[in-house]
Amino acid sequence: MSLSPRFIALLLACLISALTLAFLTFVDGVTNNMLFVVGVSSFVISFFLVLYAIELLVFREVNKMYKTIHKLKIRDFTISRKSIIKNTNPFKKLNDEIFVYVAKKQKEIDELKRLEQFRREFLADVSHELKTPIFAAQGFIHTLIDGAIDDEHVRDKFLSKAAKSLDGLDALVKDLVALSQLETGEVKMNFGRVDLAQVTHEIFEQLEKITHAKHTSLRMKTPHPGPVWVKADPQRIMQVMTNLIENAVKYGNENGRVLVSLEEEKKHILVSVKDDGPGIPPEHLSRIFERFYRIEKSRSKDRGGTGLGLAIVKHILKSHNTKITVMSKLEKGTTFRFKLDKMD
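Under UniProt numbering, residues 1 to 344 are what the sequence shown spells out, in order.
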């Protein structure tokens with residue numbers, strides 16, 4: 001129940017008046033008229049004194065505190081704003097305001113701590129990823145400078161390895177720049193009419209070398225023969241499909257199969273990229289779209305890549321107003337899915 005200053009003063013005045021009359025009844029010679037006058041007088045005086053004390057000394061000062069906090073208004077309240085505004089008790093209002101203010105600030109602190117942890121991990125990952133190709137190229141070049149350049153066979157071999165390390169470094173920097181631009185919205189999508197079936201065929205041809213080396217078969221399943229039109233950025237959706245299909249081949253089994261399904265829905269095309277590889281352990285599924293996250297760091301390094309592919313895929317699809325999901329079972333394979341707007 002909401003207690004106003006007047007209601008509190010009324011209760012205390014009645015209590016003081018009643019106690020005064022109770023004591024006077026034990027005094028000899030006190031008449032009813034005297035009791036009436038004393039009762040009314042004590043009630044009136046007590047009421048105004050208590051009201052003045054509460055109103056000026058307590059409520060007014062608390063209201064000042066409330067208004068000060070009110071100026072630091074937070075938009076995202078967990079307490080209904082109507083319940084705070086309608087409440088006339090400043091103690092209750094002050095308590096509610098402090099609660100939501102502290103809760104919001106705690107949420108901001110937790111988010112800052114999370115971002116700080118993410119920043120530290122990101123800097124450590126970037127440092128590690130940059131260090132590997134730089135040190136490798138540096139070692140090859142210094143070996144050549146120290147005299148190995150005179151041996152033609154060693155020179156060509158070391159220059160080739162140094163170039164390969166620098167190519168990996170170049171790819172890493174390009175992916176970092178691309179990911180940064182996607183996250184900040186600098187990259188604008190140029191949406192158009194894209195034949196997803198044709199895009200998939202082109203990727204199959206591009207990956208012919210690695211699929212042949214792993215004896216992996218690539219197959220596409222479409223709702224009907226011919227083109228499958230979607231609304232997408234041609235360059236970016238090619239990047240998404242290439243990354244997913246190439247990962248399915250790289251991390252799948254020898255003599256494995258990769259199936260790309262284009263399923264037609266009412267307003268969308270559901271795209272699925274499925275392999276029959278070893279699968280992803282459940283504890284890793286929620287993190288595979290993080291930057292530089294690798295399930296098995298040593299094996300992933302051997303298979304190339306910058307560790308940013310799936311993070312880029314996630315952000316590209318986010319710019320297409322869709323999101324990617326993953327389902328995986330150990331020893332049974334992994335499936336990535338996302339939807340794109342259908343076009344006629």
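Ideal Cβ placement from N, Cα and C applies to all residues, glycine included.
Nearest-angstrom Cα distance between F289 and V100? 34 Å
Which residues bound the beta strand (DSSP E) around R236? From DSSP, R236 is part of no beta strand (DSSP E) but of the alpha helix (DSSP H) over P234 to K250.
I74 versus G185 - alpha carbon distance: Only weak support exists for where I74 lies, its pLDDT of 48 falling under 50; the value from the coordinates is given anyway. Taking the straight line from one Cα to the other gives about 27 Å.
CA-to-CA distance, E331 to A213, given in whole angstroms: 21 Å
If you measure between the beta carbons of P133 and L179, is that distance less than 8 Å? no
Contact check, I54 vs I8 under 8 Å by CB: the rounded distance? 6 Å
State the CB to CB distance for the pair G158 and F140, rounded to an integer number of angstroms; the pair is presumed to be in contact (CB under 8 Å). According to the sequence shown, residue 158 is Phe rather than Gly. Correct: roughly 4 Å between the Cβ atoms.
At the level of alpha carbons, what is the spacing between Q327 and K342? Rather than Gln, the amino acid found at residue 327 in this sequence is Met. Going from the Cα of M327 to the Cα of K342 covers about 24 Å.
Does the structure place the region 160–176 close enough to the region 192–205 that three or more beta carbon pairs sit under 8 Å? no
Around the Cβ of E254, are there at least 16 other Cβ atoms within 10 angstroms (buried) or fewer (exposed)? exposed
Given that a residue counts as buried once 16 or more other Cβ atoms are within 10 Å of its Cβ, and exposed if not, what is R127? According to the sequence shown, residue 127 is Ser rather than Arg. With fewer than 16 Cβ atoms within 10 Å of its Cβ, S127 is classed as exposed.
Using a Cβ-Cβ cutoff of less than 7 Å, which residues in the same chain neighbour L12 once the five nearest sequence positions on both sides are dropped? S46 and V50
CB contact flag (G277, G307, <8 Å): no
At which residues does the alpha helix (DSSP H) containing V50 begin and terminate? N32 to Y52
For M34, count neighbouring Cβ atoms within 10 angstroms of its own Cβ and tell me buried if that reaches 16, exposed if not. exposed
Would you kindly report the start and end of the unbroken alpha helix (DSSP H) that includes H212? E208 to K214
Go ahead and pull the three-state DSSP assignment for D336. Per the sequence shown, residue 336 should be read as Phe rather than Asp. It is a strand residue.
I believe I280 touches T334 by the beta-carbon criterion, under 8 Å. Please report the beta-carbon distance rounded to the nearest angstrom. 6 Å
Specify, as a first and last residue, the run of the alpha helix (DSSP H) that V228 falls within. Unbroken run through V228: none, as it is neither H nor E.
Flag this pair as yes or no: are the beta carbons of V240 and I316 separated by less than 8 Å? yes
For K104, which of helix, strand or coil comes out of DSSP? helix
How close, in whole Å, do the beta carbons of R337 and L285 come, if the pair is a contact with beta carbons under 8 Å? That belief does not hold up - the Cβ atoms of R337 and L285 are roughly 13 Å apart, past 8 Å.
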